[in-house]
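Report on the structure given below.
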Amino acid sequence: MAETAYEVGLLDGSLFKIFKGVYNDFKAKAVDEYKFELAPLEYEEFIDAIEKQYMKCIVLKENEIPTAFLVYTTSISESIELNLIHCLGAEDEINKVKLLIEKFLELTEEERQTKVVSYPMLGHQSIFSGDIAKYGFKFIGLAILRFIMGNASSERILENMKLPEKPEGYKIVGYTDSYKADAIRIIHESFKDTQDAVYDTRFLSIEGTTDIINKIVENIYGEFLPEVTSVLLYKDSPVGFAFANVTGGTIANLPLVAIEKEHRGKGFSAYLLNRSIKMLVDWTKLGERIFHEVNVTTETNNYKALKMYRKVGFKEDFCYPQAYLVQKKH
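The working numbering numbers the first residue of the sequence shown as 60 and each following residue consecutively.
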(Lines of atoms letter the chains of each structure in order from A; the text may use other names.)
(Lines give C-alpha, C1' and ligand atoms only; values in the text may rest on other atoms or scores of the structure.)
Protein backbone atom coordinates (compact mmCIF):
# COMPACT_ATOMS: atom_id res chain seq x y z
CA MET A 60 0.00 0.00 0.00
CA ALA A 61 1.35 3.43 -0.94
CA GLU A 62 2.33 5.71 1.93
CA THR A 63 -0.06 8.60 2.62
CA ALA A 64 1.34 11.88 1.28
CA TYR A 65 0.50 14.97 3.33
CA GLU A 66 0.86 18.53 2.07
CA VAL A 67 0.12 21.63 4.16
CA GLY A 68 -0.39 25.20 2.93
CA LEU A 69 -2.69 28.21 2.88
CA LEU A 70 -6.11 27.89 1.31
CA ASP A 71 -6.29 29.65 -2.04
CA GLY A 72 -8.49 29.74 -5.11
CA SER A 73 -7.07 26.52 -6.53
CA LEU A 74 -8.66 24.58 -3.64
CA PHE A 75 -11.98 26.38 -3.20
CA LYS A 76 -14.04 23.69 -4.98
CA ILE A 77 -12.52 20.60 -3.38
CA PHE A 78 -12.19 22.20 0.10
CA LYS A 79 -15.98 22.46 0.42
CA GLY A 80 -16.35 18.85 1.56
CA VAL A 81 -14.14 19.08 4.65
CA TYR A 82 -15.55 22.51 5.55
CA ASN A 83 -19.12 21.24 5.39
CA ASP A 84 -18.13 18.26 7.54
CA PHE A 85 -17.02 20.75 10.21
CA LYS A 86 -20.14 22.87 9.70
CA ALA A 87 -22.38 19.84 10.37
CA LYS A 88 -20.56 19.20 13.67
CA ALA A 89 -20.00 22.80 14.78
CA VAL A 90 -22.81 23.09 17.33
CA ASP A 91 -22.86 19.55 18.77
CA GLU A 92 -19.16 18.62 18.70
CA TYR A 93 -17.47 22.02 18.79
CA LYS A 94 -19.90 23.86 21.10
CA PHE A 95 -20.45 26.76 18.69
CA GLU A 96 -23.34 28.94 19.89
CA LEU A 97 -24.53 29.47 16.32
CA ALA A 98 -24.10 27.72 13.03
CA PRO A 99 -20.88 28.87 11.35
CA LEU A 100 -20.65 30.74 8.06
CA GLU A 101 -22.07 29.22 4.92
CA TYR A 102 -19.30 28.00 2.64
CA GLU A 103 -19.60 30.92 0.21
CA GLU A 104 -19.44 33.39 3.12
CA PHE A 105 -16.38 31.62 4.52
CA ILE A 106 -14.59 31.81 1.16
CA ASP A 107 -15.51 35.49 0.88
CA ALA A 108 -13.93 36.13 4.30
CA ILE A 109 -10.77 34.30 3.19
CA GLU A 110 -10.56 36.31 -0.03
CA LYS A 111 -11.00 39.56 1.91
CA GLN A 112 -8.29 38.36 4.33
CA TYR A 113 -10.54 38.70 7.38
CA MET A 114 -9.16 35.30 8.34
CA LYS A 115 -6.59 32.77 7.09
CA CYS A 116 -7.01 29.06 6.60
CA ILE A 117 -4.26 26.42 6.54
CA VAL A 118 -5.27 23.26 4.69
CA LEU A 119 -3.84 19.76 4.99
CA LYS A 120 -4.17 17.69 1.83
CA GLU A 121 -4.04 13.91 2.00
CA ASN A 122 -3.07 12.48 -1.41
CA GLU A 123 -4.23 15.80 -2.93
CA ILE A 124 -7.61 15.80 -1.09
CA PRO A 125 -8.22 18.32 1.76
CA THR A 126 -8.93 16.38 4.97
CA ALA A 127 -8.07 18.88 7.74
CA PHE A 128 -7.75 22.62 8.28
CA LEU A 129 -6.85 25.34 10.77
CA VAL A 130 -8.38 28.84 10.81
CA TYR A 131 -6.80 31.90 12.42
CA THR A 132 -7.06 35.69 12.47
CA THR A 133 -4.45 38.34 13.20
CA SER A 134 -6.32 41.64 12.86
CA ILE A 135 -9.26 41.54 15.29
CA SER A 136 -7.28 42.05 18.49
CA GLU A 137 -3.72 42.38 19.73
CA SER A 138 -3.55 38.58 19.87
CA ILE A 139 -3.23 36.04 17.09
CA GLU A 140 -6.53 34.20 17.41
CA LEU A 141 -6.39 30.52 16.50
CA ASN A 142 -10.09 29.88 15.93
CA LEU A 143 -10.41 26.24 14.96
CA ILE A 144 -8.71 22.97 14.05
CA HIS A 145 -10.85 20.33 12.32
CA CYS A 146 -10.02 16.95 10.83
CA LEU A 147 -12.21 14.79 8.59
CA GLY A 148 -12.53 11.60 10.64
CA ALA A 149 -10.20 10.38 13.38
CA GLU A 150 -7.61 8.51 11.33
CA ASP A 151 -4.10 9.87 12.04
CA GLU A 152 -5.81 12.89 13.59
CA ILE A 153 -3.05 13.85 16.05
CA ASN A 154 -0.37 13.77 13.36
CA LYS A 155 -2.52 16.01 11.15
CA VAL A 156 -2.99 18.44 14.03
CA LYS A 157 0.77 18.56 14.57
CA LEU A 158 1.39 19.34 10.90
CA LEU A 159 -1.21 22.12 10.95
CA ILE A 160 0.19 23.63 14.16
CA GLU A 161 3.74 23.55 12.82
CA LYS A 162 2.68 25.34 9.62
CA PHE A 163 0.71 27.86 11.70
CA LEU A 164 3.77 28.56 13.88
CA GLU A 165 5.91 28.94 10.76
CA LEU A 166 3.51 31.38 9.08
CA THR A 167 3.05 33.49 12.22
CA GLU A 168 6.67 33.45 13.38
CA GLU A 169 7.24 37.18 12.85
CA GLU A 170 3.93 38.27 14.37
CA ARG A 171 4.50 36.07 17.40
CA GLN A 172 7.51 38.13 18.36
CA THR A 173 5.08 40.73 19.72
CA LYS A 174 1.71 38.94 19.92
CA VAL A 175 0.23 36.23 22.13
CA VAL A 176 -1.51 33.30 20.43
CA SER A 177 -4.98 32.66 21.86
CA TYR A 178 -6.80 29.37 21.18
CA PRO A 179 -10.15 28.46 22.80
CA MET A 180 -10.16 24.66 22.48
CA LEU A 181 -13.88 24.14 22.33
CA GLY A 182 -15.53 20.75 22.23
CA HIS A 183 -13.63 17.98 20.48
CA GLN A 184 -10.52 20.17 20.18
CA SER A 185 -9.76 19.71 23.89
CA ILE A 186 -8.20 16.32 23.10
CA PHE A 187 -5.34 18.15 21.33
CA SER A 188 -4.16 19.80 24.57
CA GLY A 189 -1.32 17.41 25.36
CA ASP A 190 0.03 17.58 21.83
CA ILE A 191 0.07 21.36 21.40
CA ALA A 192 1.56 21.70 24.91
CA LYS A 193 4.75 20.31 23.35
CA TYR A 194 5.00 23.54 21.34
CA GLY A 195 4.94 25.69 24.47
CA PHE A 196 1.21 26.35 24.79
CA LYS A 197 -0.08 26.85 28.33
CA PHE A 198 -3.69 26.51 29.48
CA ILE A 199 -6.38 28.21 31.54
CA GLY A 200 -9.61 26.37 32.32
CA LEU A 201 -12.74 28.29 31.36
CA ALA A 202 -16.33 27.52 32.31
CA ILE A 203 -19.46 28.42 30.35
CA LEU A 204 -22.49 29.13 32.53
CA ARG A 205 -26.00 29.62 31.21
CA PHE A 206 -29.20 31.14 32.52
CA ILE A 207 -31.92 29.35 30.56
CA MET A 208 -35.14 31.29 30.07
CA GLY A 209 -38.16 29.37 31.30
CA ASN A 210 -36.09 27.18 33.61
CA ALA A 211 -38.14 27.18 36.80
CA SER A 212 -35.16 26.60 39.09
CA SER A 213 -33.08 29.44 37.64
CA GLU A 214 -35.96 31.90 37.55
CA ARG A 215 -36.89 31.02 41.14
CA ILE A 216 -33.31 31.66 42.29
CA LEU A 217 -33.32 35.03 40.53
CA GLU A 218 -36.69 36.04 41.91
CA ASN A 219 -35.84 35.03 45.47
CA MET A 220 -32.45 36.72 45.60
CA LYS A 221 -32.07 38.61 48.85
CA LEU A 222 -30.22 41.83 48.13
CA PRO A 223 -29.40 44.02 51.13
CA GLU A 224 -30.28 47.70 51.09
CA LYS A 225 -27.77 49.63 49.02
CA PRO A 226 -25.64 51.99 51.11
CA GLU A 227 -26.41 55.67 50.79
CA GLY A 228 -25.09 57.28 47.63
CA TYR A 229 -25.29 54.17 45.40
CA LYS A 230 -27.74 53.48 42.58
CA ILE A 231 -27.86 51.36 39.43
CA VAL A 232 -28.80 52.69 35.99
CA GLY A 233 -28.53 51.72 32.32
CA TYR A 234 -25.55 52.55 30.11
CA THR A 235 -25.04 55.79 28.18
CA ASP A 236 -22.04 56.95 26.15
CA SER A 237 -21.19 59.47 28.87
CA TYR A 238 -19.95 56.52 30.99
CA LYS A 239 -17.53 55.18 28.36
CA ALA A 240 -14.30 56.72 29.68
CA ASP A 241 -15.05 55.43 33.18
CA ALA A 242 -15.88 51.99 31.77
CA ILE A 243 -12.51 51.82 30.02
CA ARG A 244 -10.65 52.85 33.17
CA ILE A 245 -12.51 50.45 35.48
CA ILE A 246 -12.32 47.46 33.09
CA HIS A 247 -8.59 48.05 32.59
CA GLU A 248 -7.89 48.28 36.33
CA SER A 249 -10.04 45.23 37.07
CA PHE A 250 -8.67 42.94 34.35
CA LYS A 251 -5.01 43.94 33.88
CA ASP A 252 -3.79 41.52 36.57
CA THR A 253 -6.19 38.66 35.78
CA GLN A 254 -5.77 35.53 33.68
CA ASP A 255 -7.88 37.18 30.96
CA ALA A 256 -4.97 39.53 30.26
CA VAL A 257 -2.68 36.56 29.63
CA TYR A 258 -4.48 35.57 26.41
CA ASP A 259 -6.01 38.97 25.57
CA THR A 260 -3.20 41.42 26.17
CA ARG A 261 -5.43 44.38 25.32
CA PHE A 262 -6.49 44.45 28.97
CA LEU A 263 -2.92 45.42 29.90
CA SER A 264 -3.24 48.96 28.51
CA ILE A 265 -5.79 51.75 28.37
CA GLU A 266 -5.44 51.76 24.57
CA GLY A 267 -6.13 48.04 24.34
CA THR A 268 -9.07 48.20 26.74
CA THR A 269 -10.47 51.08 24.69
CA ASP A 270 -10.45 48.77 21.68
CA ILE A 271 -12.37 46.10 23.63
CA ILE A 272 -15.03 48.54 24.86
CA ASN A 273 -15.35 50.14 21.42
CA LYS A 274 -15.94 46.74 19.82
CA ILE A 275 -18.65 45.98 22.40
CA VAL A 276 -20.54 49.28 22.19
CA GLU A 277 -20.14 49.59 18.41
CA ASN A 278 -21.73 46.17 17.82
CA ILE A 279 -18.58 44.45 16.55
CA TYR A 280 -18.88 41.58 19.04
CA GLY A 281 -22.64 41.35 18.65
CA GLU A 282 -25.56 43.69 19.17
CA PHE A 283 -24.87 45.90 22.18
CA LEU A 284 -27.69 46.26 24.72
CA PRO A 285 -27.19 49.61 26.50
CA GLU A 286 -30.51 49.36 28.37
CA VAL A 287 -29.57 45.93 29.77
CA THR A 288 -25.98 46.93 30.54
CA SER A 289 -26.00 47.88 34.23
CA VAL A 290 -23.92 50.69 35.68
CA LEU A 291 -23.26 51.17 39.39
CA LEU A 292 -23.07 54.83 40.39
CA TYR A 293 -21.68 56.28 43.58
CA LYS A 294 -22.58 59.93 44.05
CA ASP A 295 -23.50 59.93 40.34
CA SER A 296 -20.06 58.68 39.21
CA PRO A 297 -19.68 55.22 37.62
CA VAL A 298 -17.88 52.67 39.81
CA GLY A 299 -19.08 49.37 38.30
CA PHE A 300 -20.32 47.80 35.07
CA ALA A 301 -22.03 44.65 33.79
CA PHE A 302 -22.01 44.82 29.99
CA ALA A 303 -24.63 42.97 27.94
CA ASN A 304 -24.93 42.13 24.26
CA VAL A 305 -26.54 39.68 21.87
CA THR A 306 -24.04 37.25 20.40
CA GLY A 307 -26.56 35.90 17.92
CA GLY A 308 -30.26 35.28 17.50
CA THR A 309 -31.85 34.79 20.90
CA ILE A 310 -28.63 34.34 22.90
CA ALA A 311 -27.54 37.15 25.22
CA ASN A 312 -24.12 37.41 26.79
CA LEU A 313 -22.54 39.30 29.68
CA PRO A 314 -18.95 39.76 28.42
CA LEU A 315 -17.55 41.97 31.20
CA VAL A 316 -18.43 42.54 34.85
CA ALA A 317 -16.22 44.77 36.98
CA ILE A 318 -16.35 46.90 40.13
CA GLU A 319 -13.87 49.63 41.03
CA LYS A 320 -11.49 48.36 43.74
CA GLU A 321 -12.62 50.77 46.45
CA HIS A 322 -16.24 49.59 46.09
CA ARG A 323 -15.73 45.82 46.05
CA GLY A 324 -16.77 43.41 48.77
CA LYS A 325 -20.25 44.90 49.19
CA GLY A 326 -22.16 42.55 46.90
CA PHE A 327 -22.62 45.07 44.10
CA SER A 328 -21.84 42.54 41.35
CA ALA A 329 -24.98 40.66 42.38
CA TYR A 330 -26.99 43.89 42.09
CA LEU A 331 -25.66 44.50 38.57
CA LEU A 332 -26.31 40.94 37.40
CA ASN A 333 -29.75 40.86 39.02
CA ARG A 334 -30.84 43.97 37.17
CA SER A 335 -29.49 42.86 33.78
CA ILE A 336 -30.90 39.31 33.94
CA LYS A 337 -34.29 40.45 35.25
CA MET A 338 -34.61 42.89 32.35
CA LEU A 339 -33.91 40.12 29.82
CA VAL A 340 -36.36 37.77 31.58
CA ASP A 341 -39.05 40.46 31.66
CA TRP A 342 -38.59 41.30 27.97
CA THR A 343 -38.93 37.61 27.12
CA LYS A 344 -42.03 37.05 29.26
CA LEU A 345 -43.72 40.17 27.88
CA GLY A 346 -42.81 39.26 24.31
CA GLU A 347 -41.00 42.56 23.82
CA ARG A 348 -37.90 40.64 22.76
CA ILE A 349 -37.37 36.90 23.03
CA PHE A 350 -34.23 35.35 24.51
CA HIS A 351 -33.64 31.66 25.09
CA GLU A 352 -30.56 32.05 27.28
CA VAL A 353 -27.94 34.33 28.77
CA ASN A 354 -24.38 33.05 29.04
CA VAL A 355 -21.18 34.06 30.79
CA THR A 356 -17.61 32.78 30.83
CA THR A 357 -15.25 32.65 33.81
CA GLU A 358 -12.16 30.74 34.92
CA THR A 359 -12.83 27.33 36.41
CA ASN A 360 -10.76 28.24 39.49
CA ASN A 361 -12.45 31.61 40.05
CA TYR A 362 -14.66 30.27 42.81
CA LYS A 363 -15.85 33.72 43.84
CA ALA A 364 -17.18 34.44 40.34
CA LEU A 365 -18.72 30.97 40.02
CA LYS A 366 -20.53 31.45 43.32
CA MET A 367 -21.75 34.88 42.23
CA TYR A 368 -23.20 33.57 38.96
CA ARG A 369 -24.87 30.61 40.66
CA LYS A 370 -26.43 33.04 43.13
CA VAL A 371 -28.22 34.75 40.23
CA GLY A 372 -29.45 31.47 38.70
CA PHE A 373 -26.71 30.52 36.24
CA LYS A 374 -25.80 26.86 35.91
CA GLU A 375 -22.50 25.49 34.60
CA ASP A 376 -22.82 23.94 31.16
CA PHE A 377 -19.32 22.86 30.14
CA CYS A 378 -15.64 23.69 30.56
CA TYR A 379 -12.84 23.93 28.01
CA PRO A 380 -9.11 24.70 27.96
CA GLN A 381 -8.14 28.18 26.79
CA ALA A 382 -4.68 27.73 25.28
CA TYR A 383 -2.20 30.55 24.90
CA LEU A 384 1.35 30.90 23.67
CA VAL A 385 3.47 33.80 24.89
CA GLN A 386 6.31 34.73 22.58
CA LYS A 387 8.97 37.07 23.94
CA LYS A 388 10.43 39.83 21.84
CA HIS A 389 13.93 39.26 20.54
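Each residue gets a CB set at the ideal place from its N, CA and C atoms; glycine is no exception. Model, not experiment: these values are computed from the prediction.
- For G267, there is no enclosing beta strand (DSSP E); the residue is found in the alpha helix (DSSP H) stretching over 265-276.
- Under DSSP, P179 shares a beta bridge with Q381.
- In chain order, E96, L97, G281 place their CB closer than 8 Å to the CB of G307, counting only its own chain and leaving out the 5 sequence neighbours on each side.
- The three-state reading of DSSP puts F350 in coil, since its state is none of H, G, I, E or B.
- Residues L70, V118, P125 of the same chain have their beta carbon placed closer than 7 Å to that of F78, with the five preceding and five following residues left out of the count.
- Under the 10 Å beta carbon count, T268 is surrounded by 16 or more other beta carbons and is classified as buried.
- About 6 Å separates the beta carbon of I336 from that of V371, a gap short enough to meet the 8 Å contact definition.
- Within 10 angstroms of the beta-carbon of G299 lie 16 or more other beta-carbons, which makes it buried.
- Less than 8 Å divides the Cβ of L181 from the Cβ of K94.
- Around the Cβ of L291, a 10 Å sphere holds 16 or more other Cβ atoms; the residue is buried.
- Note that the C-beta distance between Y258 and Q381 is below 8 Å.
- In this structure the stretch 188-201 does not touch the stretch 213-223; the number of beta carbon pairs closer than 8 Å is below three.
- Taking 8 Å as the upper bound for CB-CB distance, L201 and C378 are in contact here, some 7 Å apart.
- Taking 4 residues as the shortest admissible run, the stretch 164-252 contains the following complete alpha helix (DSSP H) segments, listed from N- to C-terminal end: 188-191, 211-218, 239-250.
- In this chain, the beta strand (DSSP E) harbouring A317 covers 316-318.
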